[in-house]
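Under the UniProt record's numbering, think of the first position of the sequence shown as 1, with each following residue one higher. The C-beta atom is built at its ideal place from N, Cα and C for all residues, glycine as well. Being a predicted model, the structure only gives us computed values, none of them experimental. For reference, the structure discussed in these notes is given below.
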Amino acid sequence: MANSKNMDPVSGEKVEVSGVYETEWGREEYLERGETFPADVMLGNTEWNMIQYPMDEQHTGETLNPRFGNEVNENQASKHRTRHQKDPD
Numbered sequence: 001m002a003n004s005k006n007m008d009p010v011s012g013e014k015v016e017v018s019g020v021y022e023t024e025w026g027r028e029e030y031l032e033r034g035e036t037f038p039a040d041v042m043l044g045n046t047e048w049n050m051i052q053y054p055m056d057e058q059h060t061g062e063t064l065n066p067r068f069g070n071e072v073n074e075n076q077a078s079k080h081r082t083r084h085q086k087d088p089d
């Protein structure tokens with residue numbers, strides 16, 4: 001067993017990092033920074049384990065930096081043909 005000195009937060013403590021947290025019984029809840037960890041309905045005071053950081057628009061994988069040439073406005077989008085479009089001939 002590892003000599004870990006990390007302790008999961010307990011009900012009643014302040015949330016330091018926003019994200020999805022899970023109780024000992026697997027109940028998941030999204031909590032914002034500054035909120036208080038709630039008590040579990042069945043367990044009462046319980047430990048909370050962070051399982052996911054919050055997702056926002058920056059995590060979609062899209063890059064809209066003009067340096068990369070992928071910024072498209074409405075005029076440019078209408079000029080592009082689809083790959084399998086038939087010629088009007």
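A residue is called buried once 16 or more other Cβ atoms fall within 10 Å of its Cβ, and residue 9 is buried on that count. Take residue 54, set aside five residues on each side of it, and the residues of its chain with a beta-carbon closer than 7 angstroms to its own are 18, 19, in chain order. According to the DSSP secondary-structure assignment, residue 14 is paired through a beta bridge with 36.
In the DSSP assignment, residue 19 falls within the beta strand (DSSP E) that extends over 19–22. By the beta-carbon neighbour count (other beta carbons within 10 angstroms, threshold 16), residue 25 is exposed.
The Cβ atoms of residue 28 and residue 35 do not sit closer than 7 angstroms to each other.
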